[in-house]
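Take 24 as the starting number for the sequence shown in this note's numbering and just add one per residue. Just so you know, even glycine gets a beta-carbon here, dropped at the ideal spot from N, CA and C. Just so we're clear, the structure is a prediction, and the values are computed from it rather than from any experiment.
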Amino acid sequence: MNKEPIFEIKSIEPAITEMKYIIKGIALDRINEGDILYISHQMSQDDYFVVESFEIKDRKIKRAYAFMEITIRANGVFSIIPEKYLFDLVEEYIAEIDFHQAKNIAENAAFNSLNQFRTDPQIALLSDDFIEGECCWIFFRNKELAGPPEQALTWSSNYVITKKGNIFTIGDRPDTLEESKEYIQRYSSHLKRTRE
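(1) Which value, in whole angstroms, describes the spacing of the CA atoms of K43 and T185?
(2) Between which two residues does the alpha helix (DSSP H) holding S136 run?
(3) Leaving aside the five residues before and after V113 along the sequence, list all residues of the same chain whose C-beta is less than 8 Å from its C-beta, in chain order.
(4) Quickly, what does DSSP pair G99 with across the bridge? List them, please.
(5) How long is the line joining the alpha carbons of D52 and F30, rounded to whole angstroms?
(6) My output table needs one value for L109: the three-state DSSP class, helix, strand or coil.
(7) Under DSSP, the beta strand (DSSP E) around L149 begins and ends at which residues?
(8) How many whole angstroms separate the CB atoms of V183 and Y206, which I take to be in contact at a CB cut-off of 8 Å?
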């Protein structure tokens, strides 16, 4: 088992009740009521919060999903002050395919989605750019290819290939390399939990 970030902390403040805290930030994956969120990525399990409830814009919700900005109300037991992230325990992720196999999957998917929008069969379907994370690669479409707005979901997708050989499509890449790295790290953390 490893610890992976699951919540990016924006602020923590004590609630009126002793040992209870209000934690604001962004969920990096699904979090449920009753989940244990660890304060350190170290293997010690002594410092943690237990989620009691969630709020999003002053409305209570039962579960948080990736990239939701939420407020958590939690019980806390810890001897150190949490800094940037809270963590959860996940099983080790074992890759089943290599880069060349992943690229082949992406190229086949791009052919099925984008070939109809090519004006010349020599135009590449995928960009030479890609990014690799711990659990997946993202292959980007050739931005020279475009179709009508009503078919944007077909021609504007990029391809996430997991290291277990699964494929997902996503919209256009983040604007900067730093944002791309952060995005793929979050996606890799999600894949470790789902084992896809």
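This is what the structure gives:
(1) 38 Å
(2) 122-137
(3) M24, N25, K26, E27, S212, K215, R216
(4) F72
(5) If I take the Cα positions, the gap works out to 8 Å.
(6) strand
(7) Unbroken beta strand (DSSP E) run through L149: 149-155.
(8) The Cβ separation is near 10 Å, so there is no contact.
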